[in-house]
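Residue numbers (my numbering): 44 to 268.
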């Protein structure tokens with residue numbers, strides 16, 4: 044408001060509100076959607092807009108105030124730089140950013156629900172997606188974020204180690220419709236990266252970029268790791 048930018052604050056009171064608001068709102072009344080929160084809030088906002096039946100789109104922005112802020116780090120922001128984020132939004136400049144559509148138990152988008160249930164079957168990934176050990180760590184960290192912030196990921200890692208949770212899983216991996224290995228990939232860590240940051244600032248793949256039109260797949264093949 045101090046910069047003379049007209050805005051309307053839409054409060055999110057429950058888990059899926061960012062998705063529902065951008066999915067159902069009269070989009071023609073606005074010029075941009077700006078999330079004030081972390082990766083979860085931003086992802087829900089994006090997914091709600093991309094699930095609209097009318098296919099209308101707006102520019103999006105982010106003021107990072109969350110625990111992880113991995114996407115914000117990928118565009119040069121952190122949770123301590125909210126003023127810098129506001130400066131960028133007020134300039135009205137935009138950059139293209141990739142999203143990676145992930146279909147779950149479906150091959151096509153037809154007949155998927157348009158409401159928040161759609162997130163169970165179709166999601167647009169902005170930063171990264173993890174399998175095996177990182178997914179278990181992230182799931183465990185969600186219980187501690189309120190008290191420990193980004194340290195929740197370290198705590199969850201220790202708990203996984205003590206409970207012998209670093210077990211290998213077998214995956215059938217195809218790249219450009221060609222199997223990577225006829226025997227599959229056996230690993231305790233596999234990540235699909237759009238940006239290089241994950242789990243509160245850890246760099247898994249330093250070469251991943253959010254706007255190069257590519258996804259990067261990272262896994263550890265040596266069990267000694």
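For every residue, glycine included, the Cβ atom is placed at its ideal position computed from N, Cα and C.
Quick caveat, the model's predicted, so the values are computed rather than measured.
*Going by the beta-carbon positions, is the gap between residue 249 and residue 239 smaller than 8 Å?*
yes
*Please list the segments of the beta strand (DSSP E) lying wholly inside the region 189 to 236, counting only runs of 3 or more residues, in order along the chain.*
212 to 214, 228 to 230 and 232 to 236
*Closer than 7 Å by C-beta to residue 63: which residues in its own chain qualify, once you throw out the five before and the five after it? Chain order, please.*
91 and 159
*Start-to-end residues for the beta strand (DSSP E) that takes in residue 174*: Unbroken beta strand (DSSP E) run through residue 174: 171 to 175.
*Identify every residue that forms a DSSP beta bridge with residue 97.*
Answer is none; residue 97 lacks a bridge partner.
*Among 48, 237, 257 and 223, which residue has its Cα nearest to the Cα of residue 132?*
48
*With a CB to CB cut of under 7 Å and the five nearest residues on each side skipped, what residues in its chain are close to residue 86?*
169
*Would residue 258 pass as a contact of residue 237 if the rule is Cβ separation under 8 Å?*
yes
*Where residue 233 falls, given that 16 or more other Cβ within 10 Å makes a residue buried*: buried
*Count the other CB atoms within 10 Å of the CB of residue 105; is the residue buried (16 or more) or exposed (fewer)?*
Residue 105 counts as buried, since at least 16 other C-beta atoms from the protein chains shown sit within 10 angstroms of its C-beta.
*asked:* In the DSSP output, which residue or residues are listed as bridge partners for residue 168?
replied: Partner(s): 143.
*If you drop the 5 nearest sequence neighbours on each side, which residues of the same chain put their C-beta closer than 8 Å to that of residue 101?*
70, 73, 74, 75, 76 and 92
*Identify the continuous beta strand (DSSP E) that holds residue 69 and give its terminal residues.*
Counting along the chain, residue 69 falls outside any beta strand (DSSP E), and DSSP gives it neither H nor E.
*Taking buried to mean at least 16 other C-beta atoms within 10 Å of its own C-beta, is residue 203 buried or exposed?*
buried
*asked:* At the level of alpha carbons, what is the spacing between residue 162 and residue 123?
replied: 30 Å
*In its own chain, which residues sit with a C-beta less than 8 Å from the C-beta of residue 166, not counting the 5 before and 5 after it?*
The beta carbon of residue 166 sits closer than 8 Å to the beta carbons of 86, 90, 144, 145 and 147 from its chain, once the five residues preceding and following it are set aside; these are given in chain order.
*Identity of the residue in 134, 83, 135 and 98 nearest residue 115 by Cα*: 83
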